[in-house]
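Numbering (full-length UniProt numbering), first residue to last: 1 to 598.
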């Protein structure tokens, strides 16, 4: 890795910094004094291209270090592997090669994945990797095969969502050490669970980022983002900026043996070059996979819904999957009738849009109704809720607080689990958690005030008389969002978990074996009532998966489909649908049938 610190053959360490705007760079190192200063100073030598190097002949793990820029600015290593006291304090040398991995792991193919999205800091009261690790056997037993960790990059403060990281290579210290994260991943692999890491390559957080001072080339002079100047991926100096983030992706996959990455909000990345940063990153990861001896997966969050970036097989430049907000929005509006904000364009006929999502993947592309050919359905990740859709509300409500019936919630959950798309469940939804997922961040001073005022402007219309908007920078918002594990052990929690277990068992038994035979087109969605659909997905060899679903609060009479007598039918799952009257679809019911099973 060309960034940060690396061991030398002689037992020392080579420290490297890209600081093209610096006039002088020194490495401060050693044990901190009572005043917090590092006692030793070594001048770095300048190389071409804005690179600076300093070498220590003896540098054991645990050594603290930081860069001194132009004699005054003290800054952490931007590629630090560990900053135990946060980004405003020194970095720490660790020995990543010394970790004793125990599990021989060959990964999982994409079509076997069932995601569980998890925020380490609120998943347990302890908020640590070690505490989260204790729950992995339960998740594996339920049928999940992939854990997706919300961002781990070090950010300012103890708690936060993680999307304001400033040290992309350093796991956030409040969750544990880098070795604690490796133990979590090793334990997951031993249970057959993949681990994905959510990474943010569209901006740095507003506090703790020192790059403006000595490497302004990191930021574009021509492009803007929602967080200010965009990262520079296509102008002067962008080669090193691109390398910084590409090596970060490779780092998580190699050094921590992660199985994949989820790239946050790539629609906010500005890049006019060819290949663009997303294509180059994918190509580099595809080149790495054979050396790792396991599949490496890449997932996008992309509001543009660019199907051209997706492929059902691992191909250089392309991505295995994308979060599909259109599925969530159409189901959410159909069940809650909410039409504010981004739900507005789903308000006219959400059930028709859901039918389009089922058969074509996207309802909208680039913000407009989709008229493009179908997206690869097996590349889409679908969910009843995620951190965004729950947390970006005034009170962080889950669907259970908004839908008219618990049956409606369970139906939405099942629809995310039993289609050709890849499922994802947000932590707690597998047992019906009542806790919200609020926005929380450990900002202080002016930044805390700005965040509070910004959320007040955004959500004040949603706050009813007598209630106050939760304080985003108060630790009470974190505590309110932490899962209550007594709910998982309750009769209702166990019943919900059993429903998930049975649905995922049906997925393993019937859908996974067919996944790689899914056809690229020819799927149909027939409207059978105001809130009802009959959907058929086609597979090579003649098999069809049929879903009959009523998302309404009243039973409906539906004409039985004209299925040719030569078709065999295998019932694979049912919710509030018996094998009796074929023409009556109860409220909030669904049935999955495999026609012509192989």
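Glycine is no exception: its CB is placed at the ideal position from the N, C-alpha and C atoms. Because the structure is a prediction, the values reported are computed rather than measured.
- For residue 483 and residue 187, the gap between their C-alpha atoms comes out near 21 Å.
- Contact between the segment 494–508 and the segment 139–146 is present, with at least three C-beta pairs closer than 8 Å.
- Listed in chain order, the non-local C-beta contacts of residue 299 below 6 Å within the same chain comprise 262 and 321, local neighbours out to five positions each way being set aside.
- Under the three-state reduction of DSSP output, residue 509 falls in the helix class.
- Looking only at 67, 131, 167 and 23, the smallest Cα-Cα distance to residue 82 is reached by 167.
- Taken in chain order, the complete beta strand (DSSP E) segments of 3 or more residues contained in the segment 306–375 are 321–323.
- For the pair residue 135 and residue 485, the Cα-to-Cα distance works out to about 10 Å.
- Residue 423 has its alpha-carbon roughly 8 Å from the corresponding atom of residue 113.
- Judged by DSSP secondary structure, residue 575 falls within the beta strand (DSSP E) whose first and last residues are 569–575.
- In the three-state reduction of the DSSP assignment, residue 256 falls in the coil class, being assigned neither a helical nor a strand state.
- Cβ neighbours of residue 67 within its own chain (closer than 7 Å, five residues either side excluded): 17, 25, 27, 75 and 77.
- Counting the other Cβ atoms within 10 Å of the Cβ of residue 152 gives 16 or more, which makes it buried.
- Distances from the alpha-carbon of residue 104 to those of 542, 296, 289 and 257 put 257 closest.
- Burial check for residue 189: the Cβ neighbour count within 10 Å reaches 16 or more, so the residue is buried.
- DSSP links residue 196 through a beta bridge to 148 and 260.
- In this structure, the straight-line span from the alpha carbon of residue 504 to that of residue 381 is close to 15 Å.
- Using a C-beta cut-off of 8 Å, the segment 357–369 makes contact with the segment 323–343, since at least three inter-stretch Cβ pairs fall below that distance.
- Membership of residue 29 in the beta strand (DSSP E) is indicated by the continuous run 25–30.
- The beta carbon of residue 528 sits closer than 6 Å to those of 534 and 558, all from its chain and outside the five residues before and after it, given in chain order.
- By the C-beta density criterion, residue 212 is exposed, having fewer than 16 other C-beta atoms within 10 angstroms.
- Apart from the 5 residues on each side of it in sequence, residue 302 sits with its Cβ closer than 6 Å to the Cβ of 266, 267 and 322 in its chain, given in chain order.
- Closest in C-alpha terms to residue 356, from the list 250, 260 and 525, comes 525.
- Taking a cut-off of 8 Å for Cβ pairs, the segment 119–138 and the segment 43–57 do not touch, as fewer than three such pairs fall below it.
- Contact check for residue 117 and residue 387: beta-carbon distance about 6 Å, within the 8 Å limit, so the pair qualifies.
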